[in-house]
Structures are given as C-alpha cells and as structure tokens.
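S.K.: Mind looking over this structure? Questions follow.
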Amino acid sequence: MTQHLSGPSTLEGQVAFITGGAGDIGRAIANTFSQAGAKVIVTDMAEQADVGPNIQYKQYDVTSRDQTDAVIDSVLEEHGAIDILVLCAGNIARTPLADSTDEEWDSIMAVNVRGVVNPTRKLFPLMCDRNFGKILAFGSIAAKNGGVASGPAYVAAKSAVHGMMRWMAKAGAPHGVYANTLAPGPVETAMWASVTQGKPPAANNSVPLGRYGNPDDMAQAALFLCSPASNWMTGTSLDVSGGMWMD
Ligand SMILES: NC(=O)c1ccc[n+]([C@@H]2O[C@H](COP(=O)([O-])OP(=O)(O)OC[C@H]3O[C@@H](n4cnc5c(N)ncnc54)[C@H](O)[C@@H]3O)[C@@H](O)[C@H]2O)c1
Numbered sequence: 212m213t214q215h216l217s218g219p220s221t222l223e224g225q226v227a228f229i230t231g232g233a234g235d236i237g238r239a240i241a242n243t244f245s246q247a248g249a250k251v252i253v254t255d256m257a258e259q260a261d262v263g264p265n266i267q268y269k270q271y272d273v274t275s276r277d278q279t280d281a282v283i284d285s286v287l288e289e290h291g292a293i294d295i296l297v298l299c300a301g302n303i304a305r306t307p308l309a310d311s312t313d314e315e316w317d318s319i320m321a322v323n324v325r326g327v328v329n330p331t332r333k334l335f336p337l338m339c340d341r342n343f344g345k346i347l348a349f350g351s352i353a354a355k356n357g358g359v360a361s362g363p364a365y366v367a368a369k370s371a372v373h374g375m376m377r378w379m380a381k382a383g384a385p386h387g388v389y390a391n392t393l394a395p396g397p398v399e400t401a402m403w404a405s406v407t408q409g410k411p412p413a414a415n416n417s418v419p420l421g422r423y424g425n426p427d428d429m430a431q432a433a434l435f436l437c438s439p440a441s442n443w444m445t446g447t448s449l450d451v452s453g454g455m456w457m458d
C-alpha cells in the first residue's frame with residue numbers, strides 16, 4: 212500500500228505546471244497535486260485531454276522553444292507565477308545501437324532532453340528572481356543500470372536529465388530553487404506497455420518488492436519532492452524502483 216503524506220506535504224495555493232501530463236504518470240501527479248491544494252496546469256501533445264476535475268489543460272510540444280515560451284507566458288499572465296514545474300514528457304525506443312537511426316536519436320533526445328531544457332530555460336530564472344521554485348524531472352533507473360527495456364538513446368537522454376538537474380540544483384540553491392530527479396523503475400503505463408509489447412517479464416523475478424510500479428507510486432514520490440516535506444533535498448536522483456536499483 213502506498214502511504215500518503217499529510218500536513219507538511221500540502222501544496223495549498225501553489226501553481227504547478229506539468230509537461231507530458233496527459234500520460235499515465237503525469238495524470239496521477241496532476242490529480243494528487245490538485246488534491247493537495249495546488250492549482251494544476253497540465254500540458255501535452257494532444258489538442259484535448261481528459262486530465263481530471265479542476266485541472267487546466269493546454270496543448271503544446273515540449274521540443275519547441277517558441278511554443279514553450281508562449282504557453283508559459285499565458286500561464287504566468289493568468290496565474291501570476293509558477294511555483295512547481297514537473298517534467299514528465301518522455302518517449303522511448305529500445306532499438307540496439309547498431310540498428311538505431313539518426314532520426315530516432317534526434318527524437319529521443321529532443322523530447323527527453325530538450326523537453327527539460329525548454330521549460331527550465333524559461334522558468335528557472337523567473338523562479339530564482341522570486342526566490343522560490345520546486346523543479347522535478349523524470350529520469351529513470353535506466354540512467355543508472357544501463358536500461359531495463361530501453362535502447363541506448365533513452366539511456367543517454369535520461370542520463371543527461373539527471374546531470375542537468377544536478378547543475379540546476381547547485382545554481383538554484385542560493386535562490387531557494389530546488390531541482391530533483393525521480394528515477395523510476397518499470398511503471399505500468401502506456402510507455403511500459405509499448406516497450407514490452409504488452410508481455411512484460413514476471414515482476415517477481417526482477418523486482419525485489421515483487422511488483423511493477425504504478426502511477427500513484429510516482430505521484431506520492433513527486434508530492435514529497437515538490438512539497439515542504441523535502442526542504443533539505445536538492446540535486447537528488449530518487450530511486451522509486453521496488454528495489455531494482457539501490458544506491
Ligand atoms: N513508465 C515507466 O516505466 C517509466 C520508467 C522510468 C521513467 N519514466 C519516465 O516517466 C515519464 C512519464 O512516462 P509515462 O510512463 O507516464 O509515459 P506516457 O507515455 O504515458 O506519458 C508520456 C507523455 O509524454 C507526452 N509527450 C511525448 N512527446 C511529447 C512532446 N513532444 N511534447 C509534449 N508532450 C509529449 C506523451 O504524449 C505522453 O502523454 C517519462 O519521462 C518517462 O520517460 C517512465
């Protein structure tokens with residue numbers, strides 16, 4: 212059973228902006244943050260998405276700097292500030308190195324890495340000016356163990372995300388801006404189904420805790436890392452992997 216935080220985890224009155232938020236993990240985070248009192252703005256690729264009650268949806272492509280800036284400007288105009296940024300947009304490929312194409316590398320790096328660069332390039336300086344911000348990116352245990360069901364492009368892209376967030380943690384700390392990364396193990400979502408083609412190996416052979424993760428496991432860890440409960444944590448890469456990776 213996932214234990215839910217209470218008290219100091221509240222996000223009352225805060226504005227949270229989530230990329231890739233129509234995906235399985237992003238949707239769980241959006242609803243958890245909304246229940247914790249945040250005003251939540253979810254963004255994703257589709258023109259429309261059913262993201263949950265009291266949650267605002269905006270469409271944009273994280274690989275575009277212009278679209279990123281325009282959407283963030285529109286949120287700032289409406290809500291005044293963004294306190295929490297969760298970077299969930301991602302794509303994956305499991306093609307082995309020798310068969311991988313330039314197009315695939317470009318796509319994986321664009322979504323996973325530039326999808327972190329674009330929103331942070333816009334918001335990080337604004338958060339520093341306000342002396343507050345919590346930024347959370349989705350890395351992966353693939354960046355630590357070389358990949359569970361992913362190819363080299365995904366491993367390289369997620370490794371870049373972990374490194375970049377450490378840079379941001381150092382640069383942001385004097386200004387009250389936090390930057391952390393979650394390193395999930397396999398989570399039962401559309402992405403996991405796509406790489407395992409709906410036939411994942413039995414979890415009890417590979418996951419010490421005996422099951423794959425679910426989106427709510429990620430949402431609770433995200434709530435912790437975006438709430439005051441983690442106010443002495445920055446630059447961490449938090450493993451949420453059922454014990455598949457331990458460091
Ligand atoms: N599911 C897992 O096992 C797992 C494990 C480790 C890390 N992660 C990471 O967690 C995050 C969420 O993954 P998920 O499992 O919910 O996958 P998902 O496929 O359900 O969600 C990813 C979302 O990103 C969106 N997206 C893709 N390209 C985009 C673009 N150019 N612009 C805007 N949005 C775009 C997709 O439309 C989708 O809604 C990803 O960054 C993923 O790499 C997932």
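Plus 211 on top of the position in the sequence shown (first one is 1) and you've got our numbering. We put the CB at the ideal spot given by N, CA and C, even for glycine.
1) Could you check if glutamine 259 is buried or exposed, using at least 16 other CB atoms within 10 Å of its CB as the buried criterion?
2) Kindly indicate which three-state DSSP category valine 262 falls into: helix, strand or coil?
3) So does the region 292-304 actually touch the region 343-355, counting three or more Cβ pairs closer than 8 Å?
4) Is it right to say proline 207 is buried, meaning 16 or more other beta carbons lie within 10 angstroms of its own, or is it exposed?
5) Does the structure place the region 411-427 close enough to the region 366-375 that three or more beta carbon pairs sit under 8 Å?
6) What I want to know is whether the C-beta of threonine 230 ends up closer than 7 Å to one or more non-hydrogen atoms of ligand 1.
7) With a 10 Å radius around its C-beta and 16 neighbouring C-beta atoms as the bar for buried, classify serine 285 as buried or exposed.
8) Counting only the same chain and skipping the five closest in sequence on each side, list residues whose C-beta sits under 7 Å from that of aspartate 280.
9) Could you check where the beta strand (DSSP E) with isoleucine 295 kicks off and where it finishes?
10) Let's test the definition: count the other Cβ atoms within 10 Å of the Cβ of asparagine 442 and tell me whether it reaches 16, buried, or not, exposed.
11) Going by the CB atoms, is the gap between isoleucine 229 and serine 245 shorter than 8 Å?
12) For alanine 249 and glycine 224, what's the separation of their Cα atoms in angstroms?
13) For ligand 1, is there a heavy atom less than 7 Å away from the beta-carbon of valine 226?
14) Within 10 angstroms of the Cβ of glycine 234, are there 16 or more other Cβ atoms? Answer buried if so, exposed if not.
15) Taking its Cβ as the centre, do 16 or more other Cβ atoms sit within 10 Å of threonine 312, making it buried, or is it exposed?
16) How far does the beta strand (DSSP E) with phenylalanine 228 in it reach, from first residue to last?
17) So, for tryptophan 316: in the same chain, excluding its five sequence neighbours on each side, which residues have a beta-carbon less than 7 Å away from its beta-carbon?
18) DSSP puts phenylalanine 349 in a beta bridge; with which residues?
19) Compare the beta carbon distance of lysine 381 and glycine 446 with 8 Å and say whether it is the shorter of the two.
20) Which first and last residues belong to the alpha helix (DSSP H) in which lysine 250 is found?
21) Output yes or no for whether 8 Å exceeds the beta carbon distance between phenylalanine 335 and methionine 379.
M.R.: In brief:
1) Reading the sequence shown from its first residue, position 48 is the one you call residue 259. So glutamine 259 counts as exposed.
2) Taking the sequence shown and counting its residues from 1, the one referred to as residue 262 is at position 51. The answer is coil: DSSP assigns valine 262 none of H, G, I, E or B.
3) The region 292-304 is in contact with the region 343-355.
4) What the structure shows of the chain is the stretch from 212 to 458, and residue 207 is not part of that stretch, so it cannot be assessed.
5) no
6) Here residue 230 is taken as the residue at index 19 of the sequence shown, counted from 1. Of the heavy atoms belonging to ligand 1, at least one sits nearer than 7 Å to the Cβ of threonine 230.
7) Locating residue 285 in the sequence shown gives position 74, where the first residue counts as 1. It is exposed - the Cβ of serine 285 has fewer than 16 other Cβ atoms within 10 Å.
8) Along the sequence shown, one-based indexing puts residue 280 at 69. Here the set comprises Lys333.
9) For the purposes of this step, residue 295 is taken as residue 84 along the sequence shown, with counting starting at 1. Note, isoleucine 295: beta strand (DSSP E), 295-298.
10) The residue you call residue 442 lines up with position 231 of the sequence shown. So asparagine 442 ends up on the exposed side.
11) Residue mapping note: residue 245 aligns to position 34 of the sequence shown, counting from 1. Residue mapping note: residue 229 aligns to position 18 of the sequence shown, counting from 1. Their beta carbons are not under 8 Å apart, which means serine 245 does not touch isoleucine 229 by this criterion.
12) For the purposes of this step, residue 249 is taken as residue 38 along the sequence shown, with counting starting at 1. For the purposes of this step, residue 224 is taken as residue 13 along the sequence shown, with counting starting at 1. Going by the C-alpha atoms only, they are around 6 Å apart.
13) Locating residue 226 in the sequence shown gives position 15, where the first residue counts as 1. No; taking the cut-off as 7 Å, the Cβ of valine 226 has no heavy atom of ligand 1 nearer than that.
14) One-based indexing of the sequence shown puts residue 234 at position 23. Buried.
15) Reading the sequence shown from its first residue, position 101 is the one you call residue 312. Counting Cβ neighbours within 10 Å, threonine 312 comes out exposed, since fewer than 16 surround it.
16) Sequence index remark: in the sequence shown, residue 228 carries index 17 (1-based). Residues 226-230.
17) Within the sequence shown, residue 316 is the residue found at index 105, counting from 1. Closer than 7 Å at Cβ, skipping near neighbours: Ala364.
18) Numbered from its first residue, the sequence shown carries residue 349 at position 138. Paired residue(s): Leu393.
19) Position 170 of the sequence shown holds residue 381. Position 235 of the sequence shown holds residue 446. Yes, the Cβ-Cβ distance between lysine 381 and glycine 446 is below 8 Å.
20) One-based indexing of the sequence shown puts residue 250 at position 39. Looking at the DSSP string, lysine 250 is not in any alpha helix (DSSP H); the run it does join, the beta strand (DSSP E), is 250-255.
21) The residue given as residue 335 occupies position 124 in the sequence shown. The residue given as residue 379 occupies position 168 in the sequence shown. Closer than 8 Å, so yes.
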